[in-house]
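Going by our numbering, the sequence shown opens with residue 107, and the numbers climb by one from there.
Ideal Cβ positions, reconstructed from N, Cα and C, are used throughout, including at glycine.
Quantities reported herein were computed from a predicted structural model and do not represent experimental measurements.
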Amino acid sequence: MNTKIHRECLLCRKDDDSSFLQKKELALVRCKNCGMIFANPVPSEMGGEFYNNLETPFYFSPEKLESDYASVRFERELRLFQTFCSQGMVLDVGCSTGAFLFQLKSCGNYRAIGTDISKPALDYARSRDLEIIGHSFPGHNFGEMRFDAITFWAVIEHLLEPKIFLRKAAMLLKPGGHCFILVPNMKSLAVRLLGAKYRYIFSQHLNYFTAKTLKEFALTEDFKIVASGSMHLNPIVIWQDFRNKGDFIPDEQRAALLKRTTAYKQNPILKPVKIVYRFAEKVLSSLNLADNLFVVLRKK
Numbered sequence: 107m108n109t110k111i112h113r114e115c116l117l118c119r120k121d122d123d124s125s126f127l128q129k130k131e132l133a134l135v136r137c138k139n140c141g142m143i144f145a146n147p148v149p150s151e152m153g154g155e156f157y158n159n160l161e162t163p164f165y166f167s168p169e170k171l172e173s174d175y176a177s178v179r180f181e182r183e184l185r186l187f188q189t190f191c192s193q194g195m196v197l198d199v200g201c202s203t204g205a206f207l208f209q210l211k212s213c214g215n216y217r218a219i220g221t222d223i224s225k226p227a228l229d230y231a232r233s234r235d236l237e238i239i240g241h242s243f244p245g246h247n248f249g250e251m252r253f254d255a256i257t258f259w260a261v262i263e264h265l266l267e268p269k270i271f272l273r274k275a276a277m278l279l280k281p282g283g284h285c286f287i288l289v290p291n292m293k294s295l296a297v298r299l300l301g302a303k304y305r306y307i308f309s310q311h312l313n314y315f316t317a318k319t320l321k322e323f324a325l326t327e328d329f330k331i332v333a334s335g336s337m338h339l340n341p342i343v344i345w346q347d348f349r350n351k352g353d354f355i356p357d358e359q360r361a362a363l364l365k366r367t368t369a370y371k372q373n374p375i376l377k378p379v380k381i382v383y384r385f386a387e388k389v390l391s392s393l394n395l396a397d398n399l400f401v402v403l404r405k406k
């Protein structure tokens with residue numbers, strides 16, 4: 107039986123929202139008190155076991171894995187990360203198949219550990235000789251382990267109760283350690299142009315942040331915000347979704363696009379195009395209109 111869970115606002119805990127957007131069976135609401143946008147109600151299986159049992163072909167397709175492990179895949183995240191953490195113990199929460207861990211390990215200055223609950227993804231990460239903890243992050247006992255940095259790359263938007271994860275991160279960070287959060291931007295140029303047609307408005311995303319609500323989520327008594335902004339731009343996604351009728355994008359199409367965009371980034375012939383692209387991304391980032399929002403937090 108496919109039961110539904112009714113949610114209250116994850117920011118202010120009020121239970122007073124109004125309809126914001128409908129995309130097939132996905133209903134988004136906006137909190138009348140603080141403006142947070144979130145899916146409500148959501149299927150009961152969207153808890154941890156959903157991801158533990160997830161074996162979608164997208165995540166394990168050769169195109170997806172090849173692109174994730176390409177040197178260009180996390181170049182923006184790595185640049186941001188290394189600005190605040192040049193070495194030390196790092197925990198990547200929601201590490202999936204381990205691509206970010208692999209990039210950190212290649213740098214040579216880090217002991218990088220990943221945690222996730224999707225067994226197929228973690229089996230692949232282990233096959234790449236990566237250090238993995240295959241347990242739920244909030245419930246796992248890390249003992250005396252403390253970290254210089256903890257990352258949540260494209261994780262917070264998936265969680266029913268993301269504040270539990272943030273509190274756990276505060277417990278595990280060393281004083282002065284950093285927490286990195288990256289989520290889709292609900293006020294990006296892509297969302298403004300496409301609305302519900304945008305492919306990243308879909309059932310696995312439960313929380314939809316703006317720059318304002320992300321800061322409200324991240325600013326707690328344990329943390330100080332030391333950097334925030336937006337990054338990433340994929341004009342091909344915007345063009346494809348503009349032409350699409352608003353259907354959810356098949357896994358095969360998502361994987362093929364990821365492979366193609368990765369090849370574009372690696373192609374030296376396209377250097378003049380990349381200069382224009384980077385300028386456009388820089389402009390959109392300065393206006394908080396790029397595809398993703400980020401915050402960097404320092405533990406007090």
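Item: Chain B within 8 Å of R273, Cβ atoms only; Value: Absence of chain B from the displayed structure is noted, only one protein chain being present.
Item: Burial state of G249, where buried means 16 or more other Cβ atoms lie within 10 Å; Value: exposed
Item: R182 - DSSP class collapsed to helix/strand/coil; Value: helix
Item: Segments assigned beta strand (DSSP E), at least 3 residues, entirely inside the region 221 to 252; Value: 237 to 239
Item: Whether F400 touches F286 by CB criterion (8 Å); Value: yes
Item: Touching by the beta-carbon criterion (3+ pairs, under 8 Å), the region 371 to 378 and the region 289 to 306; Value: no
Item: Among E183, M195, D121, nearest to M337 - alpha-carbon criterion; Value: E183
Item: Reduced DSSP secondary structure (H/G/I, E/B, other) of D198; Value: strand
Item: The ligand HEM heavy atom lying under 7 Å from the CB of F187; Value: Looking for the ligand HEM in the displayed structure turns up nothing, as the structure carries no ligands at all.
Item: Nearest residue (CA-CA) to N215, options D254, S309, L403, A362; Value: D254
Item: Residue burial classification, M152 (beta-carbon count within 10 angstroms, cutoff 16); Value: buried
Item: Proximity winner among K371, N394, E267, relative to Y383 (alpha-carbon distances); Value: K371
Item: Beta-carbon contacts of F354 that lie in its chain and below 6 Å, excluding the five residues immediately before and after; Value: F308
Item: Cα-Cα separation between L210 and S124, rounded to whole angstroms; Value: 42 Å
Item: Close beta carbons around L266, own chain, < 8 Å, minus the five adjacent residues each side; Value: I111, R113, V148, M152, G153, L312
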